[in-house]
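In this note's numbering, the protein residues as written are 1220 to 1472.
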Amino acid sequence: MDKLRLGVNIDHVATLRNARGGALPDPVRAAVTAEASGADGITAHLREDRRHIRDADIAAIMEAISIPLNFEMAATDEMQAIALSHSPHAACIVPERREERTTEGGLEVAADQNRLSHYIGPLSDAGIRVSLFIAADPVQIEAAARIGAPVIELHSGAYTDFDAEENIAARDAELARIIDGVKRGTDLGLEVHVGHGLTYDTVGPIAALPEVAELNIGHFLIGEAVFLGLDGAITRMRAAMDAARSSGVAPSA
Ligand code: PXP
């Protein structure tokens, strides 16, 4: 069984740094610590408004780590030029709206197919693995396969943001959509990642799916680091992922 990779998103270390306008806490140190704690990759999102990661962080992080950088970016000319200038291992194309607090939904691939297929061409030609951050929606998954993206990342927010105690059936329906999406993506030959909002409590049913190659987790881990240290938070998440993957327990949905 292939190992489930953990990508640690360090954006919110930079959020904290920026809150005081200085240099601390240092997202580069977070990336190095995450690598030493068992992360398989580092994820960082350079947003248009630079609210967390900034341009100079990208080169500094790449310089400091030996695991792959997954560069999250909106499909703009500016971000394409930055990605091409750094050549990270992977680029994850995400939708971006200035007023949102986080990446709230998936990329609209089906309706923007022509533009996106031209957009990702130069990134792929430069050897950057392109993934598309999309909802677990068959229409979007099929469009991603059509435009030749090798990887999709399914947005797990509709599952993780649910207050399960209030409406467990609705949450399980969202989980079932992710499970179907993972299968559909794999059947189409795509590598499937999942991310957004995952916690120790919600990671199990996703990590148990043998087709999922990678999880990208940020906000919760950085929050937990306040209590356990980044090392402790990552170690505990890794253990939860590995336990679910090796038990192969069928998810509840
Ligand atoms: N994957 C993608 C593509 C994202 O945009 C984000 C959020 O930035 C994450 C994963 C991580 O989400 P969270 O910070 O909620 O764990």
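We put the CB at the ideal spot given by N, CA and C, even for glycine. Nothing here was measured: the structure is a model prediction, and the numbers come from that model.
Proximity test, residue i beta-carbon vs ligand 1 heavy atom, cut-off 7 Å
{"i": "I1353", "result": "no"}
{"i": "D1230", "result": "yes"}
{"i": "L1407", "result": "no"}
{"i": "N1237", "result": "no"}
{"i": "F1381", "result": "no"}
{"i": "G1400", "result": "no"}
{"i": "E1291", "result": "yes"}
{"i": "G1416", "result": "yes"}
{"i": "I1436", "result": "yes"}
{"i": "E1372", "result": "yes"}
{"i": "V1313", "result": "yes"}
{"i": "F1446", "result": "no"}
C-alpha distance - residue i paired with residue j, whole-angstrom precision
{"i": "I1387", "j": "D1344", "result": "44 Å"}
{"i": "M1460", "j": "S1336", "result": "33 Å"}
{"i": "L1417", "j": "I1436", "result": "6 Å"}
{"i": "V1445", "j": "I1453", "result": "12 Å"}
{"i": "L1265", "j": "E1291", "result": "6 Å"}
{"i": "T1405", "j": "L1440", "result": "27 Å"}
{"i": "A1233", "j": "G1408", "result": "35 Å"}
{"i": "A1395", "j": "V1401", "result": "10 Å"}
{"i": "A1472", "j": "R1455", "result": "Because A1472 sits at a pLDDT of 38, beneath the cut-off of 50, its placement in the model cannot be relied upon, and the following sentence gives the value as read from the coordinates. Looking at the two C-alpha atoms, the distance is approximately 24 Å."}
{"i": "A1389", "j": "G1324", "result": "18 Å"}
{"i": "A1427", "j": "V1413", "result": "12 Å"}
Environment of residue i [buried if 16+ CB atoms lie within 10 Å]
{"i": "G1226", "result": "buried"}
{"i": "T1421", "result": "buried"}
{"i": "V1411", "result": "buried"}
{"i": "S1466", "result": "exposed"}
{"i": "V1358", "result": "exposed"}
{"i": "A1300", "result": "exposed"}
{"i": "A1469", "result": "In this predicted model, A1469 has a pLDDT of only 46, less than 50, meaning its place in the structure is not dependable; the value taken from the coordinates is given anyway. Label assigned to A1469: exposed."}
{"i": "P1244", "result": "buried"}
Segment limits, beta strand (DSSP E) that includes residue i
{"i": "R1348", "result": "1348-1353"}
{"i": "G1451", "result": "Here G1451 belongs to no beta strand (DSSP E); instead the alpha helix (DSSP H) covers 1438-1466."}
{"i": "H1264", "result": "1260-1264"}
{"i": "V1328", "result": "No beta strand (DSSP E) contains V1328, which DSSP labels as neither H nor E."}
{"i": "I1277", "result": "Per DSSP, I1277 belongs to no beta strand (DSSP E); it is in the alpha helix (DSSP H), 1274-1283."}
{"i": "E1291", "result": "1288-1292"}
Limits of the unbroken alpha helix (DSSP H) element including residue i
{"i": "V1401", "result": "1387-1406"}
{"i": "E1319", "result": "Looking at the DSSP string, E1319 is not in any alpha helix (DSSP H), and its letter there is neither H nor E."}
{"i": "I1371", "result": "Looking at the DSSP string, I1371 is not in any alpha helix (DSSP H); the run it does join, the beta strand (DSSP E), is 1370-1374."}
{"i": "H1412", "result": "First-last for H1412: 1410-1414, but that is the beta strand (DSSP E), not the alpha helix (DSSP H)."}
{"i": "A1310", "result": "Note, A1310: premise wrong, no alpha helix (DSSP H); beta strand (DSSP E) at 1309-1312."}
{"i": "R1269", "result": "Note, R1269: premise wrong, no alpha helix (DSSP H); not H, not E."}
{"i": "L1303", "result": "1296-1305"}
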